[in-house]
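Read in my numbering, the sequence shown has 156 at position 138, and its numbers run on one by one without any break.
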Amino acid sequence: MFSKRLNIEYEANELSLLYNLKTKHGERILDLTSSNPTKLNFKYDAKHILKHFIDDRSLVYEPDPKGMISAREEVAKYYSGVGKTVSADDLFLVPSTSEAYSYLFKLLLDAEDEVLMPQPSYPLFEYLTRLDLGNVVYYPLVYDYRDGWVPDFALLEKKISPKTKAIVIINPNNPTGSYIRESDYEAFNNLSEKYNLALIVDEVFSDYEIEAGDKALKTVAGFNSNLTFVLNGFSKMLALPQMKFGWILIQGGKKLKDEAVQRLEVIADTYLSVATPVQFAVKRLFETREKIQEEISGRINKNYNLLKKEFLLNPDIKVLNCEGGWNAILNFENLLVPEDEFVLKLLDKKNVLIHPGYYYDFFTEGFAVISLLTETDVMEKAIELING
Ligand SMILES: Cc1ncc(COP(=O)(O)O)c(C=O)c1O
């Protein structure tokens, strides 16, 4: 009866079964996996955020497939604030970047078409592609202690097939935290031109720089490029995933861009998903950006420096360099223990929860991912236990 796209693994894995059991018995777990900023004790400007949702204008429904022009203009202003010129006409509002992907896959893919995604990356993308009947084909990001994580373009090109429709670039990538360089973007563009592929550039973490260096390209917005869709939104930028506000910026040559806009309008008009109250509140929500980002970046940087310092003398566990985003990566390859065993033992014996690298499709065993949003006192205790 049901669609094959949901023929997936439904069983809880060993790690979550153990976690559930322990919390059921009232054990206190030091959880280093949460990436929900609204539950991690950040100070939000509650009054300022909430009061702008009460607006009489929200009682009138005036749908526009691209989203309200006043809200799109505010997004364009964000880009001018970071030195990029963007027209409100090139923006489509969406409730989240996840849904932006869904719109774009509907725009670009027929069933069984392929999308190139970086590996390692966040597990969500596999689902997003599958739900729109596409297939993910991974291209590797390779870690080098000098340059960090870089795309392997030779392998990427080999993975392009007649079914490939788009290349996804996550900038900075989750969980590796790696930004692309301008030369990488040129290489992506050359491939896009050579094989007639769209580029989808997900920049949800781009404001959260850690050790980025000057070569990192913080945004591809405003670049002269082939057909490119740039994604961002309030989920990470303002740490407000529940407000459901994001966007797609379209750029590229006029002919393809116009056609993409026309077709995207049909998709967006079919759903009209973005709620009116949030669109009226956009201007005032953007005003909270500086403060919340200062707070989040402060914690992220503190945690990252703490991790680097505390694992410096541990010969078996290394903290990989992290350019940006909300995660750090531990490399424990030297221990020669399977990831499952490592993370299960940590939870079982020390009540510390971290994610194994295979959740994010690392190529080899020996990695774990931890959230830098974790409250610093929890991080401190957990590091001591991992190191001990
Ligand atoms: C790189 C990346 N893009 C997009 C998303 C989803 O964001 P949204 O809440 O806007 O759907 C996530 C979720 O963590 C993510 O890691």
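We put the CB at the ideal spot given by N, CA and C, even for glycine.
Using the three-state DSSP reduction, which class does residue i fall into: helix, strand or coil?
i, result
"Phe360", "helix"
"Asn178", "The amino acid occupying residue 178 in the given sequence is Ile; Asn does not appear at that position. Here Ile178 sits in coil by DSSP."
"His66", "helix"
"Thr237", "coil"
"Arg23", "helix"
"Arg164", "coil"
"Pro169", "strand"
"Ser210", "helix"
"Glu132", "strand"
"Glu144", "helix"
"Val284", "helix"
"Leu425", "In this structure the chain extends from 19 to 406, so residue 425 is not present and cannot be described."
"Val104", "coil"
"Asn192", "coil"
"Gly44", "coil"
"Pro83", "coil"
"Asn352", "helix"
"Leu39", "helix"
"Lys342", "Lys is not the amino acid found at residue 342; the sequence shown has Gly there. Gly342: strand per DSSP, three-state reduction."
"Ala278", "helix"
"Pro374", "strand"
"Asp366", "helix"
"Glu227", "strand"
May I ask which residues mark the beginning and end of the beta strand (DSSP E) holding residue i?
i, result
"Gly264", "264-269"
"Ser52", "Counting along the chain, Ser52 falls outside any beta strand (DSSP E), and DSSP gives it neither H nor E."
"Ile401", "Careful: Ile401 lies outside any beta strand (DSSP E), inside the alpha helix (DSSP H) at 394-405."
"Asn250", "246-251"
"Asn345", "345-349"
"Leu111", "109-112"
Give me the Cβ distance between residue i and residue j, rounded to the nearest whole Å; I'm assuming they're in contact under 8 Å.
i, j, result
"Thr306", "His66", "6 Å"
"Leu48", "Asn369", "6 Å"
"Gly85", "Leu58", "Gly85 to Leu58, Cβ: 29 Å. No contact."
"Asn250", "Gly270", "Not quite, the Cβ-Cβ distance comes to about 17 Å (not below 8 Å), so this is no contact."
"Ile314", "Tyr376", "With 8 Å as the limit, Ile314 and Tyr376 do not qualify as a contact, their Cβ atoms being about 27 Å apart."
"Ser196", "Glu341", "5 Å"
"Ile335", "Leu50", "With a Cβ gap of about 13 Å, Ile335 and Leu50 do not count as contacting."
"Ala346", "Leu390", "5 Å"
"Ile218", "Leu325", "About 31 Å; that fails the 8 Å criterion."
"Ile266", "Ala118", "5 Å"
"Ile198", "Asn208", "At roughly 14 Å, the Cβ-Cβ gap does not stay under 8 Å, so Ile198 and Asn208 are not in contact."
Which first and last residues belong to the alpha helix (DSSP H) in which residue i is found?
i, result
"Pro295", "294-304"
"Asn319", "307-329"
"Ala118", "115-126"
"Ser389", "Taken as a continuous stretch (DSSP letters only), Ser389 belongs to no alpha helix (DSSP H), being part of the beta strand (DSSP E) at 385-389."
"Ala94", "87-99"
"Leu215", "Run containing Leu215: none; DSSP gives neither H nor E here."
Legend entry - Cβ contact (3+ pairs, closer than 8 Å) linking the region 234-248 and the region 285-302: Segments in contact, no.
Inset, instruction - Say whether the region 170-182 touches the region 346-357, bearing in mind that this needs 3 or more beta-carbon pairs closer than 8 Å, one atom from each stretch. - result: No, because fewer than three Cβ pairs between the region 170-182 and the region 346-357 fall closer than 8 Å, the two stretches do not touch.
Legend entry - the region 124-142 / the region 87-103 touching (three or more Cβ pairs under 8 Å): Contact between the region 124-142 and the region 87-103 is absent: fewer than 3 CB-CB pairs across the two stretches fall below 8 Å.
Legend entry - the region 111-122 in contact with the region 75-90 per 3-pair CB rule at 8 Å: Three or more beta-carbon pairs separated by less than 8 Å link the region 111-122 to the region 75-90, which places the two stretches in contact.
Legend entry - Inter-stretch contact (C-beta, 8 Å, three-pair minimum) for the region 158-173 and the region 133-146: Because the criterion of three Cβ pairs below 8 Å is met, the region 158-173 and the region 133-146 touch.
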